[in-house]
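Novice: Got a structure here, written out as structure tokens. Questions coming.
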Amino acid sequence: MLMRTDPFRELDRLTQQLMSPGTWSKPSAMAMDAYREGEEYVVAFDLPGVSTDAIDIDVERNMLTVKAERRPAVKSDNVQMELSERPLGVFSRQIVLADALDTEHIQADYDAGVLTLRIPIAERAKPRKISIGGESARKEISG
Numbered sequence: 000m001l002m003r004t005d006p007f008r009e010l011d012r013l014t015q016q017l018m019s020p021g022t023w024s025k026p027s028a029m030a031m032d033a034y035r036e037g038e039e040y041v042v043a044f045d046l047p048g049v050s051t052d053a054i055d056i057d058v059e060r061n062m063l064t065v066k067a068e069r070r071p072a073v074k075s076d077n078v079q080m081e082l083s084e085r086p087l088g089v090f091s092r093q094i095v096l097a098d099a100l101d102t103e104h105i106q107a108d109y110d111a112g113v114l115t116l117r118i119p120i121a122e123r124a125k126p127r128k129i130s131i132g133g134e135s136a137r138k139e140i141s142g
């Protein structure tokens, strides 16, 4: 069976996916940075124009999920929108966290449109010195 191919079909699909607003069932991706700072990992998400009550952060085992919804700012019926370039809808990001991180003590801050999560490194994953037993610890086996 022959199929006619369209070289721009995938480009059109990708453009449609990026330009359409996200929904709770199919959210759009959000930009993020992740880095280590001292004894904790820091993950920062760009969420300008999102109120704190529209942000949902969940951790299940070692899967971190952040969802946010940017709603229209204009709430009046007599407003006629002239230009709308800021994306609206739902944004989401899932991150698999390493077992070396302490998911019980994650701190979240939201300032100037940036959600910052600080995830401490678990005590069991921190480097530590191991002492070596002395000569008295050795025993000779005779048979």
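Going by numbering that gives the first Met the number 0, the sequence shown opens with residue 0, and the numbers climb by one from there.
Idealized CB from N, CA, C, for every residue including glycine.
All of these numbers come straight from a predicted model, not from anything done at the bench.
Spatial neighbours of residue 112 within its chain, please: CB distance less than 8 Å, with the 5 preceding and 5 following residues excluded, ordered by chain position.
Specialist: 45, 46, 47, 48, 49
Novice: What is the rounded straight-line gap between the Cα of residue 38 and the Cα of residue 105?
Specialist: 13 Å
Novice: Is the region 113 to 124 touching the region 73 to 90, taking contact as three or more C-beta pairs under 8 Å?
Specialist: The count of Cβ pairs closer than 8 Å, one atom from the region 113 to 124 and one from the region 73 to 90, stays below three, leaving the stretches out of contact.
Novice: Could you check where the beta strand (DSSP E) with residue 71 kicks off and where it finishes?
Specialist: It is not in any beta strand (DSSP E) - residue 71 carries neither H nor E in the DSSP assignment.
Novice: Under 9 Å between the Cβ atoms of residue 55 and residue 41?
Specialist: no
Novice: Return helix, strand or coil for residue 121, following the three-state DSSP convention.
Specialist: coil
Novice: Going by DSSP, name the residue or residues bridged to residue 54.
Specialist: 67
Novice: Output yes or no for whether 9 Å exceeds the beta carbon distance between residue 53 and residue 67.
Specialist: Contact flag set, yes.
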